[in-house]
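In the numbering used here, the protein residues as written are 4 to 174.
Read the structure below first, then the notes.
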């Protein structure tokens with residue numbers, strides 16, 4: 004009987020948490036957006052078992068999809084490409100963003116799990132991001148963000164900072 008009460012309490016808590024916010028699909032004020040960005044990437048520390056890290060900054064560019072779920076929470080899958088040492092690297096992320104909207108400006112912070120592919124190595128990573136987006140016109144927003152990733156490569160961790168600026172086109 005206590006298990007049923009526990010599940011009922013959990014369901015009520017979830018409903019109270021999510022139901023006050025309208026779903027993004029019910030409102031045209033938060034449509035799905037596609038975007039591109041560019042900026043520098045800085046490897047900070049670590050000497051991985053298979054990933055070469057010489058600490059040089061490189062150009063980072065990527066593609067984004069911003070998917071609003073509820074009023075102040077978005078999912079943002081992304082793919083970013085950059086050079087990591089002498090090799091090409093690709094990050095595939097799924098950012099969980101928490102928003103603070105202030106008029107046309109939205110400040111956000113979030114958690115970013117994903118995978119990084121460098122040469123023939125596939126390394127999981129986790130990170131945090133923070134940024135701001137500003138609605139320029141009704142369906143075009145500009146954004147700047149910083150992301151701090153920790154790549155898990157064998158017995159060591161490699162830390163990487165991405166700083167991006169870009170545009171999001173809502174439709």
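We treat Cβ as the ideally placed atom computed from N, Cα and C, and that holds for glycine.
Please read all numbers here as calculations on a predicted model, not as lab measurements.
- Residue environment for residue 106: exposed (fewer than 16 other C-beta atoms within 10 angstroms of its C-beta).
- Annotated three-state conformation of residue 35 is coil, per DSSP.
- Rounded to the nearest angstrom, the gap between the Cα atoms of residue 136 and residue 144 is 6 Å.
- Residue 149 is not a Cβ neighbour of residue 169, given a cutoff of 8 Å.
- Excluding its 5 nearest sequence neighbours in each direction, residue 41 has C-beta neighbours in its own chain below 6 Å: 64, listed in chain order.
- Across the structure, residue 36 and residue 62 are spaced so that their CA atoms are roughly 23 Å apart.
- Of the candidates 89, 90, 113, 113 places its Cα closest to the Cα of residue 77.
- Between residue 44 and residue 111 a beta carbon distance of about 20 Å is seen, past the 8 Å cut, so the two are scored as non-contacting.
- In this structure, DSSP gives residue 89 a state outside helix and strand, which the three-state scheme calls coil.
- Here the alpha carbons of residue 33 and residue 73 stand approximately 9 Å from one another.
- Secondary structure note for residue 167: its beta strand (DSSP E) is the uninterrupted segment 159-173.
- In chain order, 94, 95, 96, 97, 128 place their CB closer than 7 Å to the CB of residue 117, counting only its own chain and leaving out the 5 sequence neighbours on each side.
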